[in-house]
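Novice: Pasting in a structure now, in structure tokens, and then I'll have a few things to ask.
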Amino acid sequence: MSQILIIYTGGTIGMMSDPVSKVLKPINFEQIMDNVPELEKLNCRIKVHSFDEIIDSSNMNPEIWSELAGLIQANYHDNDGFVILHGSDTMAYTASALSFMLENLAKPIIFTGSQLPISAIRTDAKENLMTAIEIAKAKKNDRARVPEVCIYFDYKLFRGNRAFKYNSSKFEAFRSPNYPILAESGVHLRFSANDIRQPKDESSLIVHNNLINDVGVLKLYPGISPKVVENILSADVRGIVMETFGAGNTTTDAWFIDLLKNAIDGGKVILDISQCKVGTVELGRYETSKHLKDIGVANGYDMTFESAVTKMMYLLGQSDDPLQVKEWLETDLRGEITVS
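For the sequence shown, my numbering assigns the number 15 to the initial residue and increments by one for each residue that follows.
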């Protein structure tokens, strides 16, 4: 019988409306269990670890990511899979971060939550929780079906570092337009075996806890002023995630290219990702991106913003060499990018 560890961090799934103020307030996991008696019918043993302080996911940060990674490391050998209950607003950030922090992962880590509290009549929480557990314990030939960090929401399983939250009012809260879903829940659970990553080395889980959050964000828009760009590029950070137009394009004005080059020459790493949710950055395809390639801007390909920020934090913790960080940014480490 499979052993599953549920880690309860907080989120809407564990909220209940206060009868007086009508404000949603967190409840403990025992109250969640009371709302899902069907959990006892699942053919697995379930253990629960609740955070001492249940948090809203808007308060998520790298210190909590390290705590989660440490919990998984400490309980890795005693469990067949993990389900993390988490608020949906920053779920894709946490899933992306853990995908980079956990090297040689050979067991499922399934994030889930809900758009409505588990106590609500029309809640999506029950199905999300029960199917997440089913996926976490699923095996074939005594091997985990999905040895990845994933997000399960509204009948679909996404690779964690490929998904983003796109809707705050539908049960279909997440999308992954640049990578196929890994499984779909209907009458049967159907896994897309060819799209699921398998670990290269199952012998040992390696946990990387050194995240450096010296990361800035430069989002371009027509008419952005030199003063704004200069202030962002001169900030006391080591990495910049730059959200560009289309296939990675920017203005070719000399002042803009010069500011980028000065930042790179000064030791900063600049990563180019597209503001478009579908498609990929193609540095050098157009004249408006050729200059970026020439001065050493890193190609983010089809990375999500959530993945780009957390990958930058992870890599800055791995190396002080900007050229090494740039090389790793352009390398597919955990299935986060499609390199043509």
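Positions of the beta carbon are idealized from the N, C-alpha and C atoms, including for glycine.
Rounded to whole angstroms, what's the CA-CA distance from Arg299 to Leu306? Just pull it up for me.
Specialist: As a position in the sequence shown, residue 299 is number 285, starting the count at 1. As a position in the sequence shown, residue 306 is number 292, starting the count at 1. Their backbone Cα atoms lie some 11 Å apart in a straight line.
Novice: For Asn358, list the residues DSSP reports as bridge partners.
Specialist: Because the chain here runs from 15 to 354, residue 358 falls outside it and cannot be looked at.
Novice: Give me the Cβ distance between Asp70 and Gly101, rounded to the nearest whole Å; I'm assuming they're in contact under 8 Å.
Specialist: Counting from one through the sequence shown, the residue named residue 70 turns up at place 56. Counting from one through the sequence shown, the residue named residue 101 turns up at place 87. So it is a contact: roughly 6 Å between Cβ atoms.
Novice: Exposed or buried, which one is Trp269 when buried takes at least 16 other CB atoms within 10 Å?
Specialist: Along the sequence shown, read from residue 1 onward, the residue named residue 269 stands at position 255. By the 10 Å Cβ count, Trp269 comes out exposed.
Novice: Going by the CB atoms, is the gap between Val62 and Ile27 shorter than 7 Å?
Specialist: Translated into positions along the sequence shown, residue 27 becomes position 13. Translated into positions along the sequence shown, residue 62 becomes position 48. Result no, Cβ atoms of Ile27 and Val62 do not sit closer than 7 Å.
Novice: Express the C-alpha separation of Ile165 and Leu99 in angstroms, rounding to a whole number.
Specialist: On the sequence shown, position 85 is the one that residue 99 refers to. On the sequence shown, position 151 is the one that residue 165 refers to. Approximately 10 Å, taken between the alpha carbons.
Novice: On the three-state DSSP scale, how would you describe Gln17?
Specialist: Looking up residue 17 in the sequence shown gives position 3. Strand at Gln17.
Novice: Quick one: what's got a C-beta closer than 7 Å to Cys290's C-beta in the same chain, skipping five residues either side?
Specialist: Walking along the sequence shown from the start, residue 290 turns up at place 276. Cβ neighbours of Cys290 beyond the five flanking positions: Gly260.
Novice: Taking only three categories from DSSP, how would you classify Ser199?
Specialist: Taking the first residue of the sequence shown as position 1, residue 199 is located at position 185. Ser199: strand per DSSP, three-state reduction.
Novice: Does DSSP put Thr264 in a helix, in a strand, or in coil?
Specialist: Locating residue 264 in the sequence shown gives position 250, where the first residue counts as 1. Coil, per DSSP.
Novice: Check the C-beta distance from Val251 over to Gly230 and give it rounded, since I have them as a contact under 8 Å.
Specialist: Along the sequence shown, read from residue 1 onward, the residue named residue 251 stands at position 237. Along the sequence shown, read from residue 1 onward, the residue named residue 230 stands at position 216. Confirmed, about 4 Å.
Novice: Taking the alpha carbon of Ala106 as the point to measure from, which residue in Asp334, Gly331, Asn175, Asn224 has its own alpha carbon closest?
Specialist: The residue given as residue 106 occupies position 92 in the sequence shown. With distances taken between Cα atoms, Ala106 lies closest to Asn175.
Novice: Which residue marks the beginning of the beta strand (DSSP E) containing Tyr107, and which one marks its end?
Specialist: Residue numbering aside, residue 107 sits at position 93 when the sequence shown is read from its first letter. From DSSP, Tyr107 is part of no beta strand (DSSP E) but of the alpha helix (DSSP H) over 105–115.
Novice: Does Glu141 come out as helix, strand or coil in the three-state DSSP assignment?
Specialist: Within the sequence shown, residue 141 is the residue found at index 127, counting from 1. Three-state result, Glu141: helix.
Novice: Is DSSP giving Asp66 helix, strand or coil here?
Specialist: In the sequence shown, the residue the question calls residue 66 occupies position 52. Three-state result, Asp66: strand.
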